[in-house]
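Peer 1: Its first residue numbered 23, the sequence shown is counted upward by one per residue in the working numbering. Following this message is one structure expressed as structure tokens.
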Amino acid sequence: MAAVDHVLLLWRSEIDLNALVSFAADNGRAKPGEFSRPVLAALRMATEPMPVIDIARYVAVVRGEVKEPMPICRKRVRKALDRLRARGLVAPVADEKRALWEIVR
């Protein structure tokens, strides 16, 4: 960063480097735990195994992203469930029509 500051001062000596705001660009990726925590919270509160769509609705409300298209949220929830299953925290339950998920006890 010092090299960037030096180049800025070479081009414009009057610039106030402290006034510049640094920010990280939003690349659309979720931060670690941003989906797995609400997924686990939804499954902990559930009285019976839940389908992915219900978990995705809960996650969308918790994250305040009701505007996010549901297929994208469902995809992210499925990936979070796969990672949680690999860690042994959740397990799929067979149903006649769809896959349900529950906390491993």
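C-beta atoms are modelled at their ideal positions from N, C-alpha and C, and glycine is treated no differently.
1) Would ILE77 and ALA64 qualify as a contact pair, given that the criterion is a beta-carbon distance under 8 Å?
2) Name the residue from LEU103, ASN40, ARG66, PRO60 whose alpha carbon lies nearest to the alpha carbon of VAL20.
3) Less than 8 Å between the CB atoms is what I'm expecting for ILE125 and VAL112, so what's the real figure, rounded?
4) Looking at SER35: is its Cβ nearer than 8 Å to the Cβ of ARG105?
5) Looking at the strands, I want to know which residues DSSP matches up with VAL115.
6) Starting from PRO60, follow its DSSP beta bridges and name the residues at the other end.
7) Ends of the alpha helix (DSSP H) at LYS101?
8) Could you spell out the range, first to last residue, of the alpha helix (DSSP H) harbouring ASP76?
9) Between ARG96, VAL88, GLU87, which lies nearest to MET72 when the distance is taken from Cα to Cα?
10) How many Å lie between ARG120 and LEU103 at the Cα?
Peer 2: To lay it out plainly:
1) The residue labelled residue 77 in the question sits at position 55 within the sequence shown. The residue labelled residue 64 in the question sits at position 42 within the sequence shown. Yes, they are a contact pair.
2) What is shown of the chain runs 23 to 127, which leaves residue 20 out entirely.
3) Within the sequence shown, numbered from 1, the residue matching residue 125 stands at position 103. Within the sequence shown, numbered from 1, the residue matching residue 112 stands at position 90. 6 Å between Cβ atoms; contact.
4) Locating residue 35 in the sequence shown gives position 13, counting from the first residue. Locating residue 105 in the sequence shown gives position 83, counting from the first residue. Contact flag unset, no.
5) The residue labelled residue 115 in the question sits at position 93 within the sequence shown. Per DSSP, LEU122.
6) Locating residue 60 in the sequence shown gives position 38, where the first residue counts as 1. In DSSP, PRO60 forms no bridge with anything.
7) Against the sequence shown, residue 101 aligns to sequence position 79. Taken as a continuous stretch (DSSP letters only), the alpha helix (DSSP H) holding LYS101 covers 92–108.
8) The sequence position of residue 76 within the sequence shown is 54, counting from 1. Segment 74–85, the alpha helix (DSSP H) holding ASP76.
9) Taking the sequence shown and counting its residues from 1, one reaches residue 72 at position 50. The shortest C-alpha separation from MET72 is found at ARG96.
10) Counted from its first residue, the sequence shown places residue 120 at position 98. Counted from its first residue, the sequence shown places residue 103 at position 81. C-alpha separation (whole angstroms): 15 Å.
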